Amino acid sequence: MPRCLIVTNGFPPCRGGIETCVCELARRFPPDEVVVHTSRDPHGDRFDVGPPLPVVRDCARASAVWSRDRFCERLRALPSRTVAP
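Under the numbering used here, the final residue of the sequence shown carries the number 89; numbering is consecutive throughout.
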């Protein structure tokens with residue numbers, strides 16, 4: 005079961021310092037101990053095949069930080085989608 009949840013708007017394939025930093029941080033965890041929750045990206049599906057870690061993409065592309073209510077709603081739904089039975 006994952007022990008670390010990384011929630012970020014900045015994650016590859018978007019390019020930038022934060023995106024690179026968060027990705028490299030996530031890759032240092034064993035794949036079964038981390039889940040990355042990030043915004044949808046048109047090229048995200050192709051990127052997510054590469055790194056050996058679970059990436060959950062939000063249903064909509066976010067241009068800014070999610071609202072608190074939406075953020076909490078999505079996080080409550082996350083464990084049921086990422087934890088194997």
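Just so it is clear, CB atoms sit at the ideal spot from N, CA and C, and this is done for glycine as well.
All values derive from a computational prediction rather than experimental measurement.
Answer with buried or exposed for Arg80, where buried requires no fewer than 16 other C-beta atoms within 10 angstroms of its C-beta.
-> To locate residue 80, count along the sequence shown from 1; it is residue 76. Exposed is the call here.
So Arg29 is in the alpha helix (DSSP H); what residue range does that whole segment cover?
-> Against the sequence shown, residue 29 aligns to sequence position 25. A small fix is needed here, since residue 29 is Leu in this sequence, not Arg. Segment Gly21 to Arg31, the alpha helix (DSSP H) holding Leu29.
With Arg50 as the anchor, note down where its beta strand (DSSP E) starts and where it stops.
-> The residue you call residue 50 lines up with position 46 of the sequence shown. Boundaries for Arg50: no beta strand (DSSP E) harbours it, while the alpha helix (DSSP H) harbouring it runs Gly48 to Asp52, taken from the DSSP string.
So is His41 buried or exposed if we call it buried at 16+ other beta carbons inside 10 Å?
-> Within the sequence shown, the letter at position 37 stands for residue 41. Classification of His41: buried, given that the 10 Å Cβ count is 16 or more.
So, Pro17 versus Pro35, is the Cβ gap smaller than 8 angstroms?
-> If you number the sequence shown from 1, residue 17 lands on position 13. If you number the sequence shown from 1, residue 35 lands on position 31. Contact: no.
Residue from Glu77, Arg72 and Val60 whose Cα sits closest to the Cα of Gly14 | For the purposes of this step, residue 14 is taken as the residue at position 10 of the sequence shown. Ranking Glu77, Arg72 and Val60 by Cα distance to Gly14 puts Val60 first.
For Cys76 and Arg50, the rounded distance between their alpha carbons | Within the sequence shown, residue 50 is the residue found at index 46, counting from 1. Within the sequence shown, residue 76 is the residue found at index 72, counting from 1. Cα-Cα distance, rounded: 27 angstroms.
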